[in-house]
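Here the structure comes first, spelled out in structure tokens, and everything after it is commentary.
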Amino acid sequence: MPASALAAALILEIAGGEVSPRTVTAGHIPKELPSVKLDVDRMLQLMDNSISLEDAGTILSRLGLSSSDLETWKIPSWRGDLERSADLVEEIARTHGLDNIPSRTGGTAVDESKIDLEYDRLLDFKKNLVALGFHESQTIKLIAENQLRDCLPLRPLQDGDLVKVARPLSEDHAILRPSLTPGLLATAENNLRQGAKNLRFFEAGRQFRNVGGGKATDLEADSIALLLGGEASPLSWTRDENRQLDLYDLKAAIQATLGNRSIQFTTRAREGFLLSGDIQLSGKPIGTFAQIMPSRAREIGFKAPIYLAELDQKKVLGIKQDMFQIEPLPQFPGSSRDIAMELPITTSNAEIEKALGKHNDPLLVSAICFDQFHDPSGKKMPADKRSIAYSFGYRSHVGTMKQKEIDTAHDKLRAHLEKSLPVTFR
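Residue 146 in my numbering sits at position 158 of the sequence shown, and the numbers go up by one each step.
Right, here's the structure in full:
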């Protein structure tokens, strides 16, 4: 009513006219908002006693609220958002200043769930690959039928294994991918069109297949795929001719992401690939590797070899360590001995590493292959033989080893190799 009377008086003063003797009202006067009781103890707890009740009351009064006992507050008509004690505390904290409230830990620590642990391990795995120069790729889960030639599944495909889309939107999206490698090769091809010279890509995702040739339920599994090819180092790092990335670079990258655990590459033929095999850790398969055909590399516009690998994500993340035991630096000097072994040319290095892994000698701390020789002509050594030289390191954590201790340990190693491999020493 006072506002209406003032408005009428201003109209008469400025524009003239007459005021009606009747006052007409529309609607109803808003009901008075209910009072809100301030939980004083909770307010002091949330504010960590950084403000007194009197100062809190002053803040609320300045905001238009009124109270007779500083606990029950009458809410003005323009503050309909204040409905509970927490709303009053929020206004007090906002006006008082959050910087004036001491910080403290309000939550309690909980155990890490299995899902969180797997996520953190996968993220660490990706970070390690990025640190090695790889770029993450994310491709669609549907592939074309002609991309099946690029598949490098953990288990070879059989009739009925493919999961086909009943009504695909296009021929390029007709099959749920049984492997991640087709997407990586498509990514490589796109990058080559943009002028890329080196290829280092990886992808972590899900692949699909039927179990038992389609007779059982569908199987979804997560895997991690890698692709690399091109020059080993940036052009600015080398003065002489740069070497091309090879299979050992792929093995080194995988081994580095697994915490430098020793892995073995065992050959196994796969149709459509020049070189292929299984990746093993302690004799158990964890993935596959392959080199694509040179004709396929030229088809996507690349002249250098391209290498692929696909790892079982569950197995790989299951062996990653979340805690590491720090070992002190050696306090005593070590010694090394070299062995040149003559082996059948069909003997793989993985067999030698497997034999060395079964030799439990605390003094043997390292084994490094540093040379190999093969004479196809058969003049210097039989053509069906190969000479492989290893350097073995010995060290004791108790004290400096004596010559006799080193010789004894080395003789035990030679005897173990003669027993485990078809070897003769040169």
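Glycine residues also receive a C-beta, built at the ideal position from the N, C-alpha and C atoms.
**OP:** Compare the C-alpha of L145 against each of P(-10), W66 and E259 and name the closest.
**Re:** Cα-wise, what sits closest to L145 is E259.
Subject >> Pick from G68, V77 and I314 that is closest to L58, judged by C-alpha positions >> reply: For L58, the nearest C-alpha among the options comes from V77.
**OP:** Please go through the same chain and pick out, in chain order, the residues whose beta-carbon is closer than 7 Å to the beta-carbon of A415, but skip the five residues on each side of it.
**Re:** No answer is possible for residue 415: it lies beyond the span of the chain, which begins at -11 and ends at 414.
Original post:
Between F320 and P350, what straight-line distance do the alpha-carbon atoms span, to the nearest angstrom?
Top reply: If you take the alpha carbons of F320 and P350, they lie about 14 Å apart.
**OP:** Tell me, please, whether the region 17 to 30 touches the region 65 to 80 by the rule of three or more beta-carbon pairs shorter than 8 Å.
**Re:** A contact exists between the region 17 to 30 and the region 65 to 80.
**OP:** Starting from the N-terminal side, write out each stretch of the alpha helix (DSSP H) that is 4 residues or longer and does not extend beyond the region 89 to 168.
**Re:** As summarised for the region 89 to 168, the continuous alpha helix (DSSP H) elements at least 4 residues long and confined to that stretch are 102 to 119, given in chain order.
**OP:** Take the Cβ of G148 as the centre, count every other Cβ of all protein chains shown within 10 Å, and call the residue buried at 16 or more, exposed below.
**Re:** Under a 10 Å Cβ-count criterion, G148 is classified as exposed, with fewer than 16 other Cβ atoms of the shown protein chains found around its own Cβ.
Original post:
Would you call the CB atoms of L238 and L216 closer than 7 Å?
Top reply: For L238 and L216, yes; Cβs fall inside 7 Å.
Original post:
Does the separation of the CB atoms of L344 and A355 fall below 7 Å?
Top reply: Annotated as proximal: L344 and A355, with beta-carbon spacing under 7 Å.
**OP:** Verify whether the separation of the beta carbon atoms of K62 and S54 is less than 7 Å.
**Re:** The Cβ-Cβ distance between K62 and S54 falls below 7 Å.
**OP:** Tell me the start and end of each unbroken beta strand (DSSP E) in the region 229 to 263 that is at least 3 residues and wholly inside, in chain order.
**Re:** The region 229 to 263 contains these whole beta strand (DSSP E) runs: 251 to 255.
**OP:** Could you please give the first and the last residue of the uninterrupted alpha helix (DSSP H) stretch that includes T32?
**Re:** Rather than Thr, the amino acid found at residue 32 in this sequence is Leu. Where L32 is concerned, the enclosing alpha helix (DSSP H) stretches over V28 to L34.
Original post:
Quick one: Cα of A162 to Cα of N186, how far?
Top reply: So the alpha carbons of these two residues sit roughly 30 Å apart.
**OP:** Quick one: residues in its chain with C-beta nearer than 6 Å to the C-beta of R109, no 5 flanking neighbours on either side, listed in chain order?
**Re:** Short of 6 Å from the beta carbon of R109, and not among the five residues preceding or following it, lie these beta carbons of its own chain, in chain order: L305 and K308.
Subject >> Presumed contact (8 Å Cβ cut-off) between L299 and Q279, rounded CB distance >> reply: Not quite, the Cβ-Cβ distance comes to about 17 Å (not below 8 Å), so this is no contact.
Original post:
Buried or exposed: which applies to G171, given that a residue is buried once 16 or more other Cβ atoms fall within 10 Å of its Cβ?
Top reply: It counts as buried.
Original post:
Quick one: what does DSSP say D300 is sitting in, helix, strand or coil?
Top reply: Judged by DSSP in its simplified three-state form, D300 adopts strand.
Original post:
With DSSP run on the structure shown, which of helix, strand or coil describes K368?
Top reply: Here DSSP, grouped into helix, strand and coil, assigns K368 to coil.
Original post:
Given that a residue counts as buried once 16 or more other Cβ atoms are within 10 Å of its Cβ, and exposed if not, what is N37?
Top reply: Taking all protein chains in view, the Cβ of N37 is surrounded by fewer than 16 other Cβ atoms within 10 Å, so the residue is classified as exposed.
Original post:
So, helix, strand or coil for N198, using DSSP?
Top reply: N198: strand per DSSP, three-state reduction.
Subject >> Alpha carbon of S408 to alpha carbon of S224, nearest angstrom >> reply: S408 and S224 have their alpha carbons spaced roughly 46 Å apart.
**OP:** Along the beta strand (DSSP E) that carries P332, what are the first and last residues, could you check?
**Re:** Segment S323 to P332, the beta strand (DSSP E) holding P332.
Original post:
Under a Cβ-count criterion, where at least 16 other Cβ atoms within 10 Å of its own Cβ denotes burial, should S125 be classed as buried or exposed?
Top reply: Result: buried.
**OP:** For the alpha helix (DSSP H) holding K185, just list the boundary residues, first then last.
**Re:** Careful: K185 lies outside any alpha helix (DSSP H) and carries neither H nor E.
**OP:** Return the chain-ordered list of same chain residues with a C-beta closer than 7 Å to the C-beta of L168, the five sequence neighbours on each side being excluded.
**Re:** The beta carbon of L168 is closer than 7 Å to those of E191, G193, Q195, S211, A213 and E298 in its chain, skipping five residues each way along the sequence.
Original post:
Nearest chain D C-beta to L262 closer than 7 Å, yes or no?
Top reply: The chain inventory of the structure shown lacks chain D, comprising one protein chain alone.
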